[in-house]
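Q: Protein chains in written order, with this note's numbering: chain A, 29 to 193; chain B, 29 to 193. After the structure tokens below, expect a handful of questions from me.
Number of protein chains: 2
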Amino acid sequence: MKKTASVAAFPAPGHDHDRCATDAIAHAESLCVARAQRLTPIRRRVLEALLATHKPLGAYEIIERMGGKAAERPAPITIYRALEFLRENGLVHRIESRNAFIACIHKHASGDPVVFLLCERCGAVGEAASASIAETLKSASRAAGFTPKTPVIEIAGICSHCREG
Amino acid sequence: MKKTASVAAFPAPGHDHDRCATDAIAHAESLCVARAQRLTPIRRRVLEALLATHKPLGAYEIIERMGGKAAERPAPITIYRALEFLRENGLVHRIESRNAFIACIHKHASGDPVVFLLCERCGAVGEAASASIAETLKSASRAAGFTPKTPVIEIAGICSHCREG
DNA sequence: AAATATATGTTGCACTGCAACAAAAAGAGC
DNA sequence: GCTCTTTTTGTTGCAGTGCAACATATATTT
Numbered sequence: 029m030k031k032t033a034s035v036a037a038f039p040a041p042g043h044d045h046d047r048c049a050t051d052a053i054a055h056a057e058s059l060c061v062a063r064a065q066r067l068t069p070i071r072r073r074v075l076e077a078l079l080a081t082h083k084p085l086g087a088y089e090i091i092e093r094m095g096g097k098a099a100e101r102p103a104p105i106t107i108y109r110a111l112e113f114l115r116e117n118g119l120v121h122r123i124e125s126r127n128a129f130i131a132c133i134h135k136h137a138s139g140d141p142v143v144f145l146l147c148e149r150c151g152a153v154g155e156a157a158s159a160s161i162a163e164t165l166k167s168a169s170r171a172a173g174f175t176p177k178t179p180v181i182e183i184a185g186i187c188s189h190c191r192e193g
Numbered sequence: 029m030k031k032t033a034s035v036a037a038f039p040a041p042g043h044d045h046d047r048c049a050t051d052a053i054a055h056a057e058s059l060c061v062a063r064a065q066r067l068t069p070i071r072r073r074v075l076e077a078l079l080a081t082h083k084p085l086g087a088y089e090i091i092e093r094m095g096g097k098a099a100e101r102p103a104p105i106t107i108y109r110a111l112e113f114l115r116e117n118g119l120v121h122r123i124e125s126r127n128a129f130i131a132c133i134h135k136h137a138s139g140d141p142v143v144f145l146l147c148e149r150c151g152a153v154g155e156a157a158s159a160s161i162a163e164t165l166k167s168a169s170r171a172a173g174f175t176p177k178t179p180v181i182e183i184a185g186i187c188s189h190c191r192e193g
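Below, the structure written as structure tokens:
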């Protein structure tokens with residue numbers, strides 16, 4: 029079930045999550061090797077914490093989910109630095125309307141505009157990449173004499189699993 | 029120079045700003061009268077502070093721009109409450125990617141998706157309403173089995189005045 | 001005028017995000 | 001190996017966001 033113009037992915041509740049997390053880590057590793065970037069233990073743990081859920085997490089939630097005793101937990105700044113690294117490498121997105129972060133499972137090219145679908149009920153986040161959306165936004169921007177760079181598109185609503193279930 | 033599908037407005041540096049602010053206040057007043065809502069002095073001052081610039085302002089910036097001696101300035105919570113009121117009535121938008129707020133000059137219908145164009149150089153924010161964008165986003169959402177509600181679209185880039193000037 | 005609803009003030013706190021400097025760890029060059 | 005350099009992480013501290021909970025004041029209604 030594939031389309032030419034758009035690809036949409038919403039995490040099904042019963043999907044093989046271990047595998048999708050493992051795949052994402054593997055992808056991150058090979059990508060960092062290819063770019064001579066260092067996926068350090070902390071960065072890896074932050075990514076793993078985000079991959080363990082499909083919900084956007086704030087910095088403090090990430091800290092909590094990284095485990096270890098309270099005294100051993102990294103400071104917020106450490107998390108933000110790891111997130112900065114992961115974002116620069118396209119492994120993590122920031123959900124602006126939530127002040128939170130989510131692991132990227134989409135493997136899109138950098139610069140590709142991504143539409144985030146935020147379920148208001150279960151909190152899960154889907155990604156929909158659409159070339160037509162990108163084109164429409166570009167032309168609308170240019171009609172206003174605007175040179176667009178990084179579009180942020182976030183849509184709140186109800187996902188199919190919550191509506192049907 | 030008008031289009032059928034999209035209307036774009038980027039504030040020109042030399043536009044008649046007094047008038048655009050006055051108009052917006054007048055619109056806010058008549059709208060509140062029509063809805064039996066109260067445009068109290070504080071709410072009015074918050075709106076005026078936002079109208080005095082076309083840049084998104086944070087809560088503290090709004091407080092500073094509301095004037096008065098430091099001791100007389102309202103607390104942040106007061107600002108947030110006024111912003112909540114103004115947002116509910118479509119007079120103010122929140123720019124999610126900036127954690128800031130901007131007065132609405134667009135007079136669009138509530139629920140209409142608005143595209144915000146954020147100039148990275150001068151900080152001004154333009155609005156572009158586009159029916160085709162709305163349609164494209166809706167169809168992309170539905171392709172993912174998603175029922176969309178409130179879309180957030182923010183595009184960072186360079187406005188025409190900054191590029192040319 | 002009293003009762004009710006709405007708006008604002010006060011206090012307090014959890015979280016975001018980062019700057020500036022210090023220390024530790026990893027890589028590069030000899 | 002060992003030093004030098006770069007990168008990463010730790011520590012401290014702070015400005016800003018956003019709101020909860022309760023108290024007080026101001027409007028509106030009856």
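Backbone N, C-alpha and C fix where the C-beta goes; we use that ideal spot for every residue, glycine too. Bear in mind that the values here come from a model prediction, so they are computed numbers and not experimental data.
1. Give me the residue from HIS189/A, ALA159/A, PHE144/A with the minimum Cα distance to PRO179/B.
2. Taking only three categories from DSSP, how would you classify ALA184/B?
3. Name the chain B residues whose beta carbon is nearer than 8 Å to that of GLU124/A?
4. Give every residue of the same chain whose Cβ lies closer than 6 Å to the Cβ of ARG122/A, excluding the five residues on either side of it in the sequence, and list them in chain order.
5. Contact criterion: CB-CB distance below 8 Å. Does PHE113/B meet it with respect to chain A?
6. Would you say PRO176/A faces chain B, with C-beta separation under 8 Å as the test?
7. With 16 as the cutoff for other CB atoms within 10 Å, does GLU57/B come out buried or exposed?
8. Bridge partners of THR175/A, per DSSP?
9. Express the C-alpha separation of ILE107/A and ALA87/A in angstroms, rounding to a whole number.
10. Taking only runs of the beta strand (DSSP E) that begin and end inside the segment 32-56 of chain A, which ones reach a length of at least 3 residues, in chain order?
11. Using only the alpha-carbon positions, how far apart do SER169/B and GLU76/B sit?
12. What's the call for GLU182/A, buried or exposed, on a 16-neighbour Cβ count within 10 Å?
13. Pick helix, strand or coil for LEU119/A, following the three-state DSSP scheme.
14. Starting from the C-beta of PRO39/A, find all residues in its chain whose C-beta is less than 6 Å away, skip the five residues before and the five after it, and write them out in chain order.
15. Could you tell me whether any Cβ in chain A is nearer than 8 Å to the Cβ of GLY185/B?
16. Could you tell me which uninterrupted alpha helix (DSSP H) segments, each at least 4 residues in length, are contained entirely in the segment 69-142 of chain A, listed from first to last along the chain?
17. Any contact of the segment 98-107 of chain B with the segment 37-54 of chain B, i.e. 3+ C-beta pairs under 8 Å?
18. Would you identify the three-state DSSP class for CYS60/B, choosing helix, strand or coil?
19. For ALA110/B versus ARG93/B, is the C-beta spacing smaller than 8 Å?
20. Out of ARG149/B, GLU148/B, LEU165/B, SER125/B, state which residue places its alpha-carbon closest to the alpha-carbon of ALA140/B.
21. Helix, strand or coil: how does DSSP classify GLU155/B here?
22. Using the Cβ count rule (16 or more neighbours within 10 Å means buried), how would you classify ALA156/B?
23. State the Cα-Cα distance for the pair LEU78/B and ARG126/A, rounded to the nearest angstrom.
24. What number of angstroms, rounded off, separates the C-alpha of CYS187/B from the C-alpha of ALA159/B?
25. For ILE53/A and THR68/A, what's the separation of their Cα atoms in angstroms?
A: Reading from the atomic positions:
1. As a first step, residue 179/B is located in the second sequence; it is residue number 151 there, counting from the start. Nearest option by C-alpha distance: PHE144/A.
2. Mapped onto the second sequence, residue 184/B falls at position 156. It is a strand residue.
3. The residue given as residue 124/A occupies position 96 in the first sequence. Simply GLU124, SER125, VAL180, GLU182.
4. Sequence index remark: in the first sequence, residue 122/A carries index 94 (1-based). So the list reads PHE129, once near-sequence residues are dropped.
5. Within the second sequence, numbered from 1, the residue matching residue 113/B stands at position 85. No, its Cβ sits nowhere closer than 8 Å to a Cβ of chain A.
6. Residue mapping note: residue 176/A aligns to position 148 of the first sequence, counting from 1. For PRO176/A, the answer is yes, since a Cβ of chain B falls inside 8 Å of its Cβ.
7. One-based indexing of the second sequence puts residue 57/B at position 29. GLU57/B is exposed by the Cβ-count criterion.
8. Indexing the first sequence from 1 puts residue 175/A at position 147. DSSP lists ILE186/B as partners of THR175/A.
9. On the first sequence, residue 87/A is found 59 positions in, with the first residue counted as 1. On the first sequence, residue 107/A is found 79 positions in, with the first residue counted as 1. Going from the Cα of ALA87/A to the Cα of ILE107/A covers about 6 Å.
10. 34-37
11. Within the second sequence, residue 169/B is the residue found at index 141, counting from 1. Within the second sequence, residue 76/B is the residue found at index 48, counting from 1. Going from the Cα of SER169/B to the Cα of GLU76/B covers about 37 Å.
12. One-based indexing of the first sequence puts residue 182/A at position 154. It counts as buried.
13. Position 91 of the first sequence holds residue 119/A. Correct three-state label for LEU119/A: coil.
14. By 1-based counting over the first sequence, the position of residue 39/A is 11. Correct list, in chain order: HIS82, ALA152.
15. Sequence index remark: in the second sequence, residue 185/B carries index 157 (1-based). By this cut-off, GLY185/B is an interface position.
16. 69-79, 87-93, 104-116
17. no
18. Numbered from 1 along the second sequence, position 32 holds the residue referred to as residue 60/B. Residue state, collapsed to three classes: helix.
19. Taking the second sequence and counting its residues from 1, the one referred to as residue 110/B is at position 82. Taking the second sequence and counting its residues from 1, the one referred to as residue 93/B is at position 65. No, the Cβ-Cβ distance between ALA110/B and ARG93/B is not below 8 Å.
20. Counted from its first residue, the second sequence places residue 140/B at position 112. Sequence check: residue 140/B is Asp here, not Ala. For the residues ARG149/B, GLU148/B, LEU165/B, SER125/B, the minimum Cα distance to ASP140/B belongs to LEU165/B.
21. As a first step, residue 155/B must be located in the second sequence, where it is residue number 127. In this structure, GLU155/B counts as strand in the three-state DSSP scheme.
22. As a first step, residue 156/B is located in the second sequence; it is residue number 128 there, counting from the start. ALA156/B should be labelled buried.
23. On the second sequence, position 50 is the one that residue 78/B refers to. On the first sequence, position 98 is the one that residue 126/A refers to. For LEU78/B and ARG126/A, the distance between alpha carbons rounds to 23 Å.
24. Taking the second sequence and counting its residues from 1, one reaches residue 187/B at position 159. Taking the second sequence and counting its residues from 1, one reaches residue 159/B at position 131. CYS187/B and ALA159/B: Cα-Cα distance of roughly 22 Å.
25. Indexing the first sequence from 1 puts residue 53/A at position 25. Indexing the first sequence from 1 puts residue 68/A at position 40. Their Cα atoms are separated by approximately 12 Å.
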